[in-house]
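Take a look at the structure set out below.
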Amino acid sequence: DGLLPSTNSLRLLLIRKMSKKKVIKYRCTFTNTILDVFRRRGWQEASEGSNDWDVLWCDLHLLSLHFDNNFLLDHQRVAYFRNYYELCRKNMMIKNLKRLKKNLRKTNPKEAERCDFSPLTFEVPKEYHMFVEEFKKSLGSIWIMKPSMKSQGRGIFLFQRLKDIDDWKNMSSKMMIQDTAPEVYVVQKYIENPYLIGGRKFDIRMYVLVTSFSPLKIWVYREGFARFSHYPYTVDRIKDKFTH
342 DGLLPSTNSL
352 RLLLIRKMSK
362 KKVIKYRCTF
372 TNTILDVFRR
382 RGWQEASEGS
392 NDWDVLWCDL
402 HLLSLHFDNN
412 FLLDHQRVAY
422 FRNYYELCRK
432 NMMIKNLKRL
442 KKNLRKTNPK
452 EAERCDFSPL
462 TFEVPKEYHM
472 FVEEFKKSLG
482 SIWIMKPSMK
492 SQGRGIFLFQ
502 RLKDIDDWKN
512 MSSKMMIQDT
522 APEVYVVQKY
532 IENPYLIGGR
542 KFDIRMYVLV
552 TSFSPLKIWV
562 YREGFARFSH
572 YPYTVDRIKD
582 KFTH
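Dropping the structure here:
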């Protein structure tokens with residue numbers, strides 16, 4: 342019995358361990374699940390305007406307004422990558438993938454071949470005429486159009502004929518006449534034989550934490566989730582958003 346620590350000793354050890362644990366301070370502009378998680382973890386909320394925080398969770402506008410031209414302290418983390426739009430906007434992501442592949446062709450051709458995972462893509466209206474030339478080479482193929490800055494499937498549609506995008510062309514022309522920048526889309530050759538699970542299309546959402554860009558350090562969260570289309574995949578109903 343003398344080899345086992347007493348209850349009081351265990352309690353003292355636990356108190357000492359907890360006292361040494363770093364207190365995480367946060368600032369959060371939302372009142373949703375994120376805030377609930379911070380509170381359940383016992384993190385402390387920093388006062389508004391204070392720079393004494395470890396984690397900041399706010400909307401993109403506030404983040405850009407205050408931190409695009411400032412450096413974070415070593416211990417501070419924010420909810421978005423700096424210059425996140427270079428990856429999140431579809432047209433800019435395609436532009437960066439093309440640039441990466443072009444640079445790799447000069448330095449590492451074998452590695453450049455591994456970047457050939459994105460379907461043929463054009464930014465419209467800027468590259469509309471280039472798209473039309475390619476479209477005419479593969480009549481009957483299915484194409485997909487996506488607004489570059491929207492999410493959750495909004496504004497996405499499939500088509501097989503140029504006249505199917507007349508409404509989009511007319512809207513873009515009207516905006517240009519009114520001296521308003523038309524909404525940017527990407528148009529891609531549709532992958533007609535996608536990988537399926539249970540006969541349905543899906544995507545996978547994963548979460549990562551980037552703690553350094555130079556050197557690059559990325560922590561991948563062990564859990565994620567998959568989202569499945571409502572109906573089994575078929576190319577017979579290209580207008581059905583619950584299939585594609």
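This note's numbering applies: residue 342 is where the sequence shown begins, and numbers increase by one.
The beta-carbon is built from N, C-alpha and C at its ideal position, and this holds for glycine as well.
This structure is a prediction, so every number in the text was calculated from the model and none was measured.
>> In this structure, how does DSSP classify L397 when only helix, strand and coil are distinguished?
In response: Indexing the sequence shown from 1 puts residue 397 at position 56. When DSSP states are grouped into helix, strand and coil, L397 belongs to the strand group.
> Considering only the beta carbon of each residue, do K582 and G494 sit closer than 8 Å?
Replying inline: Start at 1 with the first residue of the sequence shown, and residue 582 comes out as number 241. Start at 1 with the first residue of the sequence shown, and residue 494 comes out as number 153. Yes, the Cβ-Cβ distance between K582 and G494 is below 8 Å.
>> According to DSSP, is S405 part of a helix, a strand, or is it coil?
In response: Residue numbering aside, residue 405 sits at position 64 when the sequence shown is read from its first letter. Assignment of S405 by DSSP, reduced to helix, strand and coil, places it in the helix class.
> Got a sec? Which residues, its chain only, sit under 8 Å from E427 by beta carbon, not counting five neighbours each side?
Replying inline: Here residue 427 refers to the residue found at position 86 when the sequence shown is read from its first residue. Excluding sequence neighbours, E427 sits near M433, M434 and N437.
> So V549 is in the beta strand (DSSP E); what residue range does that whole segment cover?
Replying inline: As a working note, residue 549 is residue 208 in the sequence shown. V549 -> beta strand (DSSP E) spans V549 to F554.
> I538: buried (16+ other C-beta within 10 angstroms of its C-beta) or exposed?
Replying inline: As a first step, residue 538 must be located in the sequence shown, where it is residue number 197. By the neighbour-count rule (16 or more Cβ atoms within 10 Å), I538 is not buried but exposed.
>> If I follow the unbroken beta strand (DSSP E) through D577, where does it start and stop?
In response: Looking up residue 577 in the sequence shown gives position 236. Run containing D577: none; DSSP gives neither H nor E here.
> Taking T462 as the reference, which of Y572, Y536, V473 and L397 has the closest Cα?
Replying inline: For the purposes of this step, residue 462 is taken as the residue at position 121 of the sequence shown. The shortest Cα separation from T462 among Y572, Y536, V473 and L397 belongs to V473.
> Considering only C-alpha positions, which residue in the set C456, D393, Y548 and P488 is nearest to Q417?
Replying inline: The residue you call residue 417 lines up with position 76 of the sequence shown. For Q417, the nearest C-alpha among the options comes from D393.
> Counting along the chain, where does the beta strand (DSSP E) carrying Y536 start and finish?
Replying inline: Your numbering for residue 536 matches position 195 in the sequence shown. Careful: Y536 lies outside any beta strand (DSSP E) and carries neither H nor E.
> Under three-state DSSP, which class holds I375?
Replying inline: Translated into positions along the sequence shown, residue 375 becomes position 34. Shown here, I375 sits in a helix according to DSSP, grouped into three states.
> Looking at the structure shown, is R368 part of a helix, part of a strand, or coil, going by DSSP?
Replying inline: Working through the sequence shown from its first residue, we reach residue 368 at position 27. R368 falls in the strand class under three-state DSSP.
>> Starting from T584, trace the alpha helix (DSSP H) in both directions and tell me its first and last residue.
In response: Numbered from its first residue, the sequence shown carries residue 584 at position 243. Where T584 is concerned, there is no enclosing alpha helix (DSSP H), given that its DSSP letter is neither H nor E.
> Shortest alpha-carbon distance to V364 belongs to which of T370, F379, S391 and I375?
Replying inline: The residue given as residue 364 occupies position 23 in the sequence shown. Checked all of T370, F379, S391 and I375; the closest Cα to V364 is F379.
> When we look at the beta-carbon of P466 and count the other beta-carbons within 10 Å, is it buried (16 or more) or exposed?
Replying inline: Counting from 1 along the sequence shown, the entry for residue 466 is found at position 125. It counts as buried.
> Looking only at C-alpha atoms, which of K478, E475 and V527 sits nearest to L499?
Replying inline: Here residue 499 is taken as the residue at index 158 of the sequence shown, counted from 1. Comparing Cα-Cα distances from L499 to each of K478, E475 and V527, the minimum goes to V527.
> Under the three-state reduction of DSSP, which class applies to A567: helix, strand or coil?
Replying inline: Along the sequence shown, one-based indexing puts residue 567 at 226. A567 sits in a strand when the DSSP states are folded into three classes.
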